[in-house]
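Here the structure comes first, spelled out in structure tokens, and everything after it is commentary.
In structure tokens form, the structure reads like this:
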């Protein structure tokens, strides 16, 4: 009896010890995730092959001059988006976005796990879905670069691996760990840094500059109208997170959900679309700056029917 009692005590102690270790590992993982915002180098690396469809029109002169100057400085972790990790340049004027590509690779442990045919088929279908989603994202970036480069603040787009950049970039994650990246091996875009719409309007109103705020809203409506006229639409047109201002110019900074769509050529169709897109923004203005809400409505009404 004593033997079994001692054995049970040891088993209990071992179980508690293992649980303590597992719990500690989970807590450490959660702590690290929170501190780094989930960023890890492997998440922006890929083994993607070359696709001609992803190759945008480019400028060799830009690649050799302006782009090189921009990338001659370190970049620091700024934010995480739905499709990318964003790093800001040391001078604060530019961002570089590295695409989150880790989801395209199945977990390593799956390679060693025997799976029944049904699960193998499911796994394959999920991987195909992810590849198709990536193709949509990259097509969206290409549309933005080729047709709305100025309106999105895009400077450079690199969707295929290359050998001509010959450029290494130093980035720092959220906790200050440095990484050096070979940009020829990365998928990324370089974009002008803008201030988000809501904070911009808040700042202008706090600075007692309502006329400047009105001009900013007018520029935003003109951007939305221009996009509609080009037949380019957005699956996620959130003015709170996806648009901003730079030097009194409106920019769409999130460009991962563009699609081409044939819309009625009549302007009232554009008006309906813009009313839909700006509805949350209008409610925000109603609650804080009714005068600006009236200006927003007036600008939309200027779109001819």
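Residue numbers (the numbering used here): 333 to 637. Ideal Cβ placement from N, Cα and C applies to all residues, glycine included.
On the criterion of 16 or more Cβ atoms from any shown chain inside 10 Å, does residue i qualify as buried, or is it exposed?
i: residue 373; result: exposed
i: residue 421; result: buried
i: residue 524; result: buried
i: residue 503; result: buried
i: residue 500; result: exposed
i: residue 469; result: buried
i: residue 490; result: buried
i: residue 449; result: exposed
i: residue 586; result: buried
i: residue 623; result: exposed
i: residue 566; result: buried
i: residue 498; result: exposed
i: residue 361; result: Residue confidence is low: residue 361 scores 48 on pLDDT, short of 50, so the model does not pin down where it sits. No coordinate-derived value is stated.
i: residue 460; result: exposed
i: residue 429; result: buried
i: residue 485; result: buried
i: residue 633; result: exposed
Which residue wins for smallest C-alpha separation from residue i, given the options the options?
i: residue 529; options: 539, 417, 573, 614; result: 573
i: residue 651; options: 633, 383, 583, 564; result: A question about residue 651 goes unanswered here, because the residues of the chain that appear run from 333 up to 637.
i: residue 375; options: 550, 499, 505; result: 505
i: residue 613; options: 625, 509, 489; result: 625
i: residue 515; options: 388, 636, 431, 509; result: 431
i: residue 577; options: 496, 409, 405, 545; result: 545
i: residue 408; options: 417, 400, 401; result: 417
i: residue 518; options: 378, 557, 368; result: 378
i: residue 549; options: 630, 433, 539; result: 630
i: residue 569; options: 610, 543, 547; result: 610
Just confirm the distance between the C-beta atoms of residue i and residue j, as a whole number of angstroms; I'd bet it's less than 8 Å.
i: residue 414; j: residue 588; result: 7 Å
i: residue 592; j: residue 564; result: 6 Å
If I measure Cβ to Cβ from residue i and keep anything under 6 Å in the same chain, skipping five residues before and after, which residues do I get?
i: residue 511; result: 373, 503
Beta-carbon within less than 8 Å of residue i's beta-carbon, same chain only, minus the 5 sequence neighbours each way: which residues are those?
i: residue 424; result: 525
i: residue 463; result: 436
i: residue 472; result: 587, 588, 589, 590, 591
Extract the residue ranges of the alpha helix (DSSP H) inside the stretch 553 to 595, only unbroken runs of 4 or more that lie entirely within it. Within the stretch 553 to 595, the complete alpha helix (DSSP H) runs of at least 4 residues are 571 to 574.
Contiguous alpha helix (DSSP H) assignments of at least 4 residues, all confined to the stretch 512 to 558: Entirely contained in the stretch 512 to 558, the alpha helix (DSSP H) runs reaching 4 residues are, in chain order, 529 to 538.
Would you mind listing the beta strand (DSSP E) stretches within the stretch 460 to 514 that are 3+ residues and don't spill past its ends, in chain order? Listed in chain order, the complete beta strand (DSSP E) runs (minimum 3 residues) inside the stretch 460 to 514 are 486 to 490, 500 to 504, 510 to 514.
Suppose only complete runs of 3+ residues qualify. What are the beta strand (DSSP E) ranges in the stretch 384 to 421, listed by chain order? DSSP runs (the beta strand (DSSP E)) wholly in the stretch 384 to 421: 407 to 412, 416 to 421.
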